[in-house]
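In what follows, a single structure is set out as structure tokens and then discussed.
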Amino acid sequence: MNIFVLLTEIDFVVLGAEARIVDHRRFPLSTKGNRLTVAAGGWRAILADEDFDKGIPMRKLSLAALLLPALIACNPAQTRFDPDRMRRLSQALQEQVGSDAAARASSEESAPDQREPVLLTLGLLECQSLADSNNRDLLLEALNAELSGTRVKSEQALTDVLLVSNAQIQESESQVESRFVGDSRTESKETVYTADATLSARYFTGTSVDLRHDLRKIETNSPFNSFSWSTNTTLSIRQSLLDGWGYVANRTDLDVAKVNQAASLDDKGNRHNELRFEVAEAWWNLVLAEADLAVLQRQVETAQAALERTEERVKRGSDKRLDALRAQSTLKARERDVIEAELEVERRSDALLRVIHPDLLYGYSLVEGYQIRVRSGFAPTEEVGELEGAPALHGELLRAFAQRRDLRAALLRIRAAGLRVVQREHNLLPSLDAEISGRITGLEDGYADALTKMLEAK
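First residue of the sequence shown: 21, per our numbering; consecutive thereafter.
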């Protein structure tokens, strides 16, 4: 069973504060099982007992007797629009909104600015110096030039004199199964010590020279071994006759590496000139934006003074109200221009930072409470037509256009490509080498005797 009542207004007092709830919705009274529920305006009263057969307690019955007539006796005529109540509700809402706005304003004033900019006053030469040491593109060009120098050293190392040495020890043991007369061994033991050193030299003519010295010592229990030390010295000379003959085949890699190194240095210099031009252009754009902002700020002051004079004339009757409105419109237009000029100054400051070092703009801007801005610190000189830093900029432009290191780098790379073509044509030749070698040997019981015998050999 559901009973609906129309609740129009409930007045109640809590801790001395009066509140009024006005609503025109229907709130249900329902019974389910052995529960009696009364819901109204967010308040709910539940009357229940474990079993109706036992009867409803008198305390709960008296509460229901008081509550139900009060809800049912609500006058439906109260649902019409009441201007006084609506006015009181509107005033209460306005007071609440005003108190919230005041609280927010006080909290914003007490809290520090989270994006206060850090201002840097940098001249043209300072900006160029920072760009030279921090610009990523210029640093990559410098790294490329260093790698080119490393390739040149690698090609030059092919003609260095090399010394290679080796050492080895070998032991062997075996049972003696057959013997000669005078051999009473049951086991054959032998230890061999070997060492060698090779001195090699390569030349761009296609000639290679190798000098090798071998040393060998034998320790054995054989009665038939007549020497312990043996030495060998070998000299060999090889000359390429077709493939690998001359400087074209052997020096081309070094020449190409040197040409590429020169081209890399020109690329670095060209990028340096471009960077200095970009920094100068961005810096002067910032100077112009700051000058425009200063002019507009003075125009705002002039428009403000004109508005004040016009208002005084209006009060005296000299001018009309329309003139005051026109002056006020001019002031607002100038203020709007100032806002746009301030935004343009920030944009050009960001452009200058982007040229110097992108991380100054994108990296540090991610840090909360940090923002960087650049001021040019430029001021025109007293002489008419003279601007501070203009001769330096003019000289930079003249040097950049006169050198044109990008064209020179392109010419060097064309030369390197031509050298590669000649080298590959030469590599089509078959291989034909001529070699001459000589060897002398010494055999004795001691190393000194073996070396002496080797040197005395004819």
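For every residue, glycine included, the Cβ atom is placed at its ideal position computed from N, Cα and C.
With 16 as the cutoff for other CB atoms within 10 Å, does residue i come out buried or exposed?
i: Ala112; result: exposed
i: Ala314; result: exposed
i: Gly226; result: buried
i: Arg328; result: In the sequence as displayed, the identity of residue 328 is Glu instead of Arg. When all chains shown are included, Glu328 counts as exposed.
i: Gly438; result: exposed
i: Ser369; result: buried
i: Ala371; result: buried
i: Ile376; result: buried
i: Asn155; result: buried
i: Thr330; result: buried
i: Ala277; result: buried
i: Val279; result: buried
i: Arg205; result: exposed
i: Ala283; result: buried
i: Leu139; result: exposed
i: Arg444; result: exposed
i: Thr272; result: buried
i: Asp286; result: buried
i: Gly337; result: exposed
i: Leu18; result: Outside the modelled stretch of the chain, which goes from 21 to 478, sits residue 18, for which no answer is possible.
i: Arg296; result: buried
i: Thr170; result: exposed
i: Asp73; result: Because Asp73 carries a pLDDT of 43, less than 50, the predicted location of this residue cannot be relied on, and the following value inherits that uncertainty. Exposed is the call here.
i: Ser168; result: buried
i: Glu166; result: exposed
i: Thr211; result: exposed
i: Asn290; result: buried
By the DSSP assignment, the beta strand (DSSP E) with residue i in it spans what residues?
i: Thr227; result: Thr227 to Thr240
i: Glu481; result: Because the chain in this structure spans residues 21 to 478, residue 481 falls outside the shown range and cannot be described.
i: Phe250; result: Position check: residue 250 holds Ser in this sequence, whereas Phe was assumed. Unbroken beta strand (DSSP E) run through Ser250: Trp249 to Ser260.
Determine the closest residue to residue i out of the options, with distance taken between C-alpha atoms.
i: Ser220; options: Arg296, Thr254 and Asp273; result: Thr254
i: Asp152; options: Leu373, Arg395 and Val394; result: Leu373
i: Val196; options: Asn241, Asp216, Val172 and Tyr213; result: Asn241
i: Phe224; options: Gly415, Thr214, Leu261 and Glu191; result: Leu261
i: Leu231; options: Gly462, Glu464 and Ile456; result: Ile456
i: Asp453; options: Ser256, Pro103 and Ala177; result: Ser256
i: Asn293; options: Leu431, Leu158 and Val441; result: Leu158
i: Glu310; options: Ala269, Arg354, Val394 and Ala215; result: Val394
i: Glu362; options: Gly337, Lys335 and Val307; result: Val307
i: Leu142; options: Ala347, His446, Ser168 and Val299; result: Val299
i: Leu349; options: Ala326, Ile189 and Ser250; result: In the sequence as presented, Leu is not what sits at residue 349; that position holds Ser. Of the listed residues, the one whose Cα sits closest to Ser349 is Ala326.
i: Glu480; options: Asp216, Ser194 and Leu345; result: A question about residue 480 goes unanswered here, because the residues of the chain that appear run from 21 up to 478.
i: Gln319; options: Ser396, Glu366, Lys209 and Arg354; result: Arg354
i: Leu163; options: Gln281, Ala430, Ile460 and Leu183; result: Gln281
i: Leu183; options: Ala217, Leu160, Leu150 and Glu166; result: Ala217
i: Ala269; options: Arg440, Gly458 and Lys288; result: Arg440
i: Trp304; options: Lys173, Ser149, Ser396 and Ala436; result: Ser396
i: Asp180; options: Arg222, Glu191, Gln324 and Thr472; result: Arg222
i: Glu321; options: Val358, Arg333, Leu345 and Arg346; result: Val358
Please name the residue or residues paired with residue i in a DSSP beta bridge.
i: Ser451; result: According to DSSP, Ser451 bridges with nothing at all.
i: Val394; result: Leu140
i: Asn186; result: Asp216
i: Glu464; result: Trp249
Could you please give the first and the last residue of the uninterrupted alpha helix (DSSP H) stretch that includes residue i?
i: Asn155; result: Neither: Asn155 is in no alpha helix (DSSP H) and is coded neither H nor E.
i: Gly143; result: No alpha helix (DSSP H) contains Gly143, which DSSP labels as neither H nor E.
i: Val196; result: From DSSP, Val196 is part of no alpha helix (DSSP H); its letter is neither H nor E.
i: Trp3; result: The question about residue 3 has no answer here: the residues shown for the chain are numbered 21 through 478.
i: Arg367; result: Arg341 to Ile376
i: Gly264; result: No alpha helix (DSSP H) contains Gly264, which DSSP labels as neither H nor E.
Looking at the structure shown, is residue i part of a helix, part of a strand, or coil, going by DSSP?
i: Val181; result: coil
i: Trp63; result: Its pLDDT being 42, under 50, Trp63 is placed unreliably in this model, and the coordinates cannot settle the point.
i: Arg459; result: strand
i: Ser192; result: strand
i: Arg424; result: coil
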